[in-house]
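2 protein chains.
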Amino acid sequence: MNALGLVVEYNPFHNGHFYHLAESKKETNADVVIAVMSGNFLQRGEPALISKWERTKMALHCGIDLVIELPYAFATQKANTFANGAVSILEALKCQSLCFGSELGEISSFLGANEFLHKSKQQYDELIKKQIKTGVSYPTALTNAFQELTNGKEILDLSLPNNILGFHYVKSIREQQAQMKPFTIQRTSAGYHEQNFVSPTIASATSIRKSIFSNEGDITNYVPSVTFQILNEYKMEKGLLHNWEQYFHLLKYSIMTMTEEDLLTIYEVEEGLENRIKKNILHAQSFQDFMERIKTKRYTWTRLQRLCTHILTKTTKQQMSFINDSQTAPYIRLLGMSSKGQEYLRSIKKQIELPIISKLATFRHPLLELDIKATNTYNMIFEEPLRSKLLKAEYATPPIRL
Amino acid sequence: MNALGLVVEYNPFHNGHFYHLAESKKETNADVVIAVMSGNFLQRGEPALISKWERTKMALHCGIDLVIELPYAFATQKANTFANGAVSILEALKCQSLCFGSELGEISSFLGANEFLHKSKQQYDELIKKQIKTGVSYPTALTNAFQELTNGKEILDLSLPNNILGFHYVKSIREQQAQMKPFTIQRTSAGYHEQNFVSPTIASATSIRKSIFSNEGDITNYVPSVTFQILNEYKMEKGLLHNWEQYFHLLKYSIMTMTEEDLLTIYEVEEGLENRIKKNILHAQSFQDFMERIKTKRYTWTRLQRLCTHILTKTTKQQMSFINDSQTAPYIRLLGMSSKGQEYLRSIKKQIELPIISKLATFRHPLLELDIKATNTYNMIFEEPLRSKLLKAEYATPPIRL
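Listed in order, the protein sequences are those of chains A and Z.
Numbered by UniProt numbering, the letters in the first sequence go through residues 1 to 402 in order.
Numbered by UniProt numbering, the letters in the second sequence go through residues 1 to 402 in order.
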């Protein structure tokens, strides 16, 4: 079977994702589609709207055949590490292609940019260092260095978020000498950061979440009915959809009881930030307020949100050091499968070199501990007895079948 | 002026405390009364019903002249350390007497027991070790060893909680070669652990708290009107009176995100307990439930509650190591004073060797950091904007004057 790999968050699954899935299948002639999906915390350092289990259901209902959890250690990272983890899982599952959405929509430019940067690596690295010294953020440094290097020649606009991710998928495939072939589909109508609805059927996940939390606008035009239904069920059963503000009391409690030395053990807390965090938490009355207080030119909002996620989950530098040097995932955590997905899995079983985890109890790994801790933290905001029920479910829930 | 020292928790101030205060003044002919009072967390490892500021108001209204905070590092400890810290503060403030309530009410027996144990120290220590090896708790080991040593001669019943504390006050005075003289007043009517009302005007703080939280019974007969009023105001303004259950979500979150190694850095977490704690937290739906799950013959309920308090406030072994060898307090944190108390303080000012802290900003000490952290934790259960207001108040509140 010809397997297509996607890297997704589905927060929540919307029409744009549906379009991407359909176009990708067409483009790659795939028989089966595997999605590597972030768990309960996402790449921008936020809790997902609803849990990974419900997002898995959405994915399966909308045509995905296998849903694999991208471990926390990769899911909450900058593009490079995120891509390495995701690509390694799709490669381990013998995908023949990976198809990502991008602003550009031309795979040749991604290949070209990679080829070009590979050749000019030393020069590029020096330009990045020079940029960082000026006090700009890391992503801005990359973009500026790239522009300087290409001397204004428009190879690929690396200031656009999906172009960056795409660039890194292609880079990971190259570096891991993966067998899969990269494809890209141009994103239509809705920019990644777009806050408002601008097209009749396609909207960014950001604008959909904004509409949900502000109770303004109607999302039914922009999401499959199953998404709408699952979101509503979740809210009915659990009383909320997740966002950072609901975790702020835990974050504040954590920071207020940690010393500056404790903070420095947390992943992504660089020297100097510990003082800034401690100094500002006392006065911060909300997560938004806290973020605005600690924000500087040097650190992007996303970077600081990720850092807050690591404080919230108490993820230390030492715990993250269990990521191997090539940044490949050490296990495949199966969240859900269609019957076709199951059939595919059976067909390639003998060729898979990584352990496949269907039940938590059967496997242990330091990075899996981080996934468990992330889920525990994610569910800590519920009242009893729901909290205990959800905490225990993480150990008991078998992969969802459709 | 003749100053009398008391060691108190006032959780809340009740008629028994009033009786003790009056009798103690009579007994010692005191002009001025100084209370060393535990802050927001108490010796039995519990959050106080209301904050130390409101309990200071109660104390001043009921006749105390100076209220000093017993630092967290002493207030949440077993009798020995608790007494050492308290006595050292009263001695630093030139008290001529210390008067404690006890089941026995005869100071000679306390002096006799101390004298006896001082002489038989080596033998006593060996008997304690022998007892501990049988798997009983530390307090039981002390009692049994003492009984074995005295060979049934009834010198002092050390199985009674107030006798134990009294014994340790007398011991601390002896060991610190303090100038103050110990006195004791017999406790009337209500045992320390008494859960129900048994006298028409005197009831234990335990039974008063029980009545408050169960909404059963009327406490007005058992507390001065100012206590009733302050409790009501607190509940009106802040929406709650504190108990462990309100902190359980924070405790659970803490434990679920800590590793076993992290737990072992916490004060009072002995080797082996970390597994027991981690194993049981997942299923515990309330603080009571959790305590029942981790309770063993070896560890008393109080000991485990104190340990939970240290986890909640993230107080580490290393942080507690700043207690000096003689276990004396390094500062005097002034919570409140009457005009007479202020006059007294002025009169002895030049003789006081410890720094007196009226404003937090003026002094730093590792043990004071623990007091601040305890207050932060204590206030974390409130909603914004009340939480931030209370957190900031800790730095801004001057001593209460009456």
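Here a beta-carbon is modelled for each residue, glycine too, at the ideal position from N, C-alpha and C.
Interface flag, residue i vs chain A, CB-CB below 7 angstroms
i	result
Z/M380	yes
Z/K279	no
Z/Q285	yes
Z/S388	yes
Z/L282	yes
Z/T257	yes
residue 426 of chain Z	With chain Z represented from 1 up to 402, any question about residue 426 of chain Z goes unanswered, as that position is not in the structure.
Within-7 angstroms CB hit, residue i to chain Z
i	result
A/P224	no
A/S211	no
A/Y253	yes
A/T375	no
A/P385	yes
A/M1	no
A/T265	no
A/L250	yes
A/L391	yes
Neighbour-count burial assignment, residue i, 16 or more Cβ in a 10 Å radius
i	result
Z/R306	buried
A/Y395	exposed
A/P182	buried
A/S109	buried
A/M1	exposed
residue 405 of chain Z	In the structure as shown, chain Z begins at 1 and stops at 402. Residue 405 of chain Z is therefore absent and cannot be evaluated.
A/A113	buried
Z/Q288	exposed
Z/F248	buried
A/N215	exposed
Z/G152	exposed
A/L240	exposed
A/R187	buried
A/T296	exposed
A/P224	buried
Z/T134	exposed
A/I173	buried
A/I352	exposed
Of the listed residues the options, nearest to residue i (C-alpha basis)
i	options	result
Z/M37	Z/I332, Z/Y395, Z/E353	Z/I332
A/M337	A/I400, A/T309, A/L117	A/I400
A/K350	A/L93, A/V32, A/E54, A/F82	A/L93
A/V136	A/L345, A/L354, A/T300	A/T300
Z/I34	Z/S88, Z/T81, Z/N40	Z/S88
Z/D325	Z/W53, Z/T81, Z/I164, Z/W244	Z/T81
A/G39	A/S388, A/K278, A/L370	A/L370
Z/Q123	Z/L142, Z/I107, Z/T134	Z/L142
A/C99	A/L390, A/G217, A/A3	A/A3
A/G45	A/R174, A/T302, A/T316	A/T302
A/G341	A/K314, A/L21, A/Y253, A/D65	A/D65
A/L354	A/L334, A/P330, A/M258	A/P330
A/V67	A/R55, A/K78, A/T76	A/R55
Z/A75	Z/K389, Z/Q327, Z/S24, Z/I212	Z/Q327
Z/P47	Z/S120, Z/V223, Z/T313	Z/T313
Z/F363	Z/L345, Z/L334, Z/A374	Z/L334
A/V7	A/F41, A/A30, A/E69	A/E69
Residues bridged to residue i [DSSP beta-bridge criterion]
i	result
Z/V67	Z/A35, Z/G336
A/Q186	A/S102
A/T316	A/I266
Z/S97	Z/L4, Z/K181
A/I356	A/I332
A/P47	A/F41
A/I400	A/G336
Close-in-space but distant-in-sequence residues of the same chain around residue i (CB under 8 angstroms, 5 per side omitted)
i	result
Z/R293	N280, H283, A284
A/L264	E271, E274
Z/I212	L49, I219, L231, L241
Z/S286	E245, F248
Residues near residue i in its chain [Cβ-Cβ closer than 7 angstroms; skip 5 each side]
i	result
Z/F322	P366, L367
Z/F382	K238, L390
Z/N163	S102, E103, L104, L156, D157
Own chain, CB closer than 6 angstroms to residue i, minus 5 neighbours either side, in chain order
i	result
A/E384	none
A/F146	L158
Z/Q131	A141, N144, A145
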